[in-house]
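A.B. asks: Just passing along the structure, written as structure tokens.
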Amino acid sequence: MRGRRTILDYKEEKIDRDLLTELFDHAAYAPNHHLKEPWRIKIFEDVARSGFGEKIVDSYIRYGYLSALSDEKLKKARQKYNQFFNSVPHHALFYMDKEDDGGYLDDENYAAVCAFIQNFQLVAWSKGIGTMWTAKPTLLDEEFIRDIGLSPSEHRLIAVVQIGYPNKIPRNRGRTPIRNSIEWIQTE
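Number 152 in the UniProt record's numbering belongs to position 152 of the sequence shown; there are no gaps in the numbering.
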């Protein structure tokens, strides 16, 4: 686990679908309430990568993240995003079906999908496959949700994870000692 890194630079080589499916199958042993298995995945690859990237940039524009850019700089930003999305072999969008219980089960299902994603990242890394977990503002954009074929009232987007064989593995930047996050309680 300590060796896993977030990968920003990927080789062009696609990962075999059977191997990806096997890795997702391992990830499915994440804890989840009542064995609900709430994870759903859309994988954008090949020519779909570019369209997916365009939809994300369109969402950024709607949210005002690129509003300070001139038309010329916006055009260059679009090209840069397009280059990035086409440089990564697979973009996995993780989502779940919403429950109709006022949110309690949605919270549990969200946590289960996050555990599933982490399991996937760890098992992928063990096979030499790199990932980058992103939580973009587009995940809340109802127009974006509709653009990718889902319903804002029925689905909750969790994350986009880039997947591929690493071109370069970043150095370990360490972590804050866990002692700083633990509070031991012995009596009340």
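All C-beta atoms in this analysis are idealised placements derived from N, C-alpha and C, irrespective of residue type, glycine included.
Closest to Phe94 by CA distance: which of Ile15, Tyr165 and Val160 is it?
C.D. replies: Val160
A.B. asks: Are Ala30 and Ala135 close, meaning C-beta to C-beta below 8 angstroms?
C.D. replies: no
A.B. asks: Can you tell which of Lys55, Phe85 and Leu23 has the C-alpha that lies nearest to the C-alpha of Phe116?
C.D. replies: Leu23
A.B. asks: Per DSSP, which residues does Arg156 bridge with? Please list them.
C.D. replies: Met96
A.B. asks: Taking three-plus beta-carbon pairs below 8 angstroms as touching, is the region 118-127 in contact with the region 3-19?
C.D. replies: Contact annotation: the region 118-127 touches the region 3-19, with at least three C-beta pairs closer than 8 angstroms.
A.B. asks: What is the residue span of the beta strand (DSSP E) that residue 197 lies within?
C.D. replies: Absent from the model: residue 197. The displayed extent of the chain is 1 to 188, so no value can be given.
A.B. asks: Expressed to the nearest angstrom, what Euclidean distance is found between the alpha-carbon atoms of Asp106 and Ser67?
C.D. replies: In this structure, the straight-line span from the alpha carbon of Asp106 to that of Ser67 is close to 33 angstroms.
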